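Chemist: The numbers in numbering that gives the first Met the number 0 rise by one with no breaks, and the one at position 177 of the sequence shown is 176.
Beta carbons are placed, not taken as given, at the ideal position from N, Cα and C, and that holds for glycine.
Note that this is a predicted model, so its numbers are computed, not measured.
The structure is given below, and queries will be raised subsequently.
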Amino acid sequence: MNKNMDNKGLSASAAGQISLGGEIPVHRLGYGAMRLTGDGIWGSPKDRKAALAVLRRAVELGINFIDTADSYGPHVNEELIAEALFPYPTELVIATKGGWNRPGPNQWTHDASPSHLRSAVEGSLKRLRLDRIEVYQLHTPDPVIPFEASVETLAELQGEGKIHMIALSNVTQEHIERARRIVPIVSVQNRYSFADREWDYVVDYCERKRIVFIPWFPLAAGTVAGEVLDRIAKAHDASRTQIALAWLLRRSPNMLPIPGTSSVAHLEENVAATSVRLTDEDYQILSQVPELVASR
0 MNKNMDNKGL SASAAGQISL GGEIPVHRLG YGAMRLTGDG IWGSPKDRKA ALAVLRRAVE
60 LGINFIDTAD SYGPHVNEEL IAEALFPYPT ELVIATKGGW NRPGPNQWTH DASPSHLRSA
120 VEGSLKRLRL DRIEVYQLHT PDPVIPFEAS VETLAELQGE GKIHMIALSN VTQEHIERAR
180 RIVPIVSVQN RYSFADREWD YVVDYCERKR IVFIPWFPLA AGTVAGEVLD RIAKAHDASR
240 TQIALAWLLR RSPNMLPIPG TSSVAHLEEN VAATSVRLTD EDYQILSQVP ELVASR
């Protein structure tokens with residue numbers, strides 16, 4: 000797949016479908032909107048029109064799963080999504096998150112207290128112009144708030160009709176199991192790539208339990224990983240990112256990558272990755288990168 004391919008016929012549908020909670024089908028390549036903010040994930044984007052154009056083009060390309068959070072901006076990201084896409088296409092799923100605050104550029108602070116999560120959900124509903132959030136993710140466990148208290152609050156909000164489905168982010172398998180004793184969990188979002196495999200066991204667990212796994216930072220790569228990527232990308236006339244995404248899509252049928260970008264051209268390049276077909280040898284070589292790194 001040429002990275003400079005003609006964009007006619009380009010569609011995220013080429014990735015196939017995956018089901019959230021056995022209820023909502025989405026194409027297996029989504030869009031992570033975090034980059035559509037200012038520097039340090041703070042404030043408005045430098046080019047608001049360009050940011051809105053990326054969101055609209057994503058939907059045109061068949062992307063029907065968009066990931067955001069109230070802390071991106073903060074609040075700016077959700078407002079941009081509503082400005083660009085409301086009224087939303089019926090098949091579009093917007094997944095947002097709460098439990099982290101954004102006090103300044105490149106700064107994060109925890110707050111997954113029940114009171115904060117309640118106000119966070121209300122704020123996201125207002126900014127996104129929704130009556131119900133389809134997928135709401137606990138952004139990360141709070142070290143000073145009992146994990147169960149955070150999940151129970153989301154379950155209560157689900158019971159009130161403000162959340163449809165509940166998800167987790169930045170969690171261990173133990174967290175997932177504890178949460179599932181309280182409420183069904185439809186997806187888990189952790190850092191993951193062909194070269195960064197700390198959460199392999201969580202990917203496998205999610206596949207067994209039919210939980211969607213959403214990897215973020217899909218191109219984590221050092222020198223060794225970069226060399227391997229370059230070699231395979233050249234053979235496929237593809238970009239590094241396209242090869243990394245192709246590996247993720249093959250890694251598990253429950254994988255839902257959400258590559259982010261602030262560029263329409265890069266967005267189209269990412270969607271084109273759905274047509275890259277790695278050979279068995281390519282896949283195995285990429286899979287062995289963490290071992291190669293460890294041996295050096």
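Beta-carbon within less than 8 angstroms of R196's beta-carbon, same chain only, minus the 5 sequence neighbours each way: which residues are those?
Modeler: P289
Chemist: Per DSSP, what kind of secondary structure is P145 in: helix, strand or coil?
Modeler: In this structure, DSSP gives P145 a state outside helix and strand, which the three-state scheme calls coil.
Chemist: Would you call G37 buried or exposed, if buried means 16 or more other Cβ atoms sit within 10 Å of its Cβ?
Modeler: exposed
Chemist: Secondary structure at Q287, three-state DSSP: helix, strand or coil?
Modeler: coil
Chemist: Alpha carbon to alpha carbon, how far is L266 from A194?
Modeler: 22 angstroms
Chemist: Since K263 is in the alpha helix (DSSP H), which residue starts that stretch and which ends it?
Modeler: A small fix is needed here, since residue 263 is Val in this sequence, not Lys. Start and end: 263-271.
Chemist: Could you give the C-beta distance for A14 and T273, rounded to a whole number, given that I count them as a contact under 8 angstroms?
Modeler: 4 angstroms
Chemist: Pull up the CB-CB distance for A245 and V275, whole angstroms please, since I reckon it's below 8 angstroms.
Modeler: 4 angstroms
Chemist: Terminal residues of the continuous beta strand (DSSP E) containing V275?
Modeler: Counting along the chain, V275 falls outside any beta strand (DSSP E), and DSSP gives it neither H nor E.
Chemist: So, with DSSP's three-state summary, where would you put Y200?
Modeler: Of the three classes helix, strand and coil, the one that applies to Y200 here is helix, per DSSP.
Chemist: With which residues is N100 paired in a DSSP beta bridge?
Modeler: Answer is T108, bridged to N100.
Chemist: Is N1 helix, strand or coil when you go by DSSP?
Modeler: Note that N1 scores 48 on pLDDT, short of 50, meaning its location in the model is unreliable; the coordinates nonetheless yield the value given after this. Correct three-state label for N1: coil.
Chemist: Might you give, ordered along the chain, the residues of its own chain that have their beta carbon closer than 6 angstroms to the beta carbon of A50, omitting 5 neighbours on each side?
Modeler: L35, P44, L79
Chemist: Could you name the residues of the same chain whose beta carbon sits closer than 6 angstroms to that of H109, not counting the 5 residues immediately before and after it, in chain order?
Modeler: D141
Chemist: Going by alpha carbons, who is nearest to Q157 out of D203, S10, R250, R117?
Modeler: Among D203, S10, R250, R117, the Cα nearest to that of Q157 is on R117.
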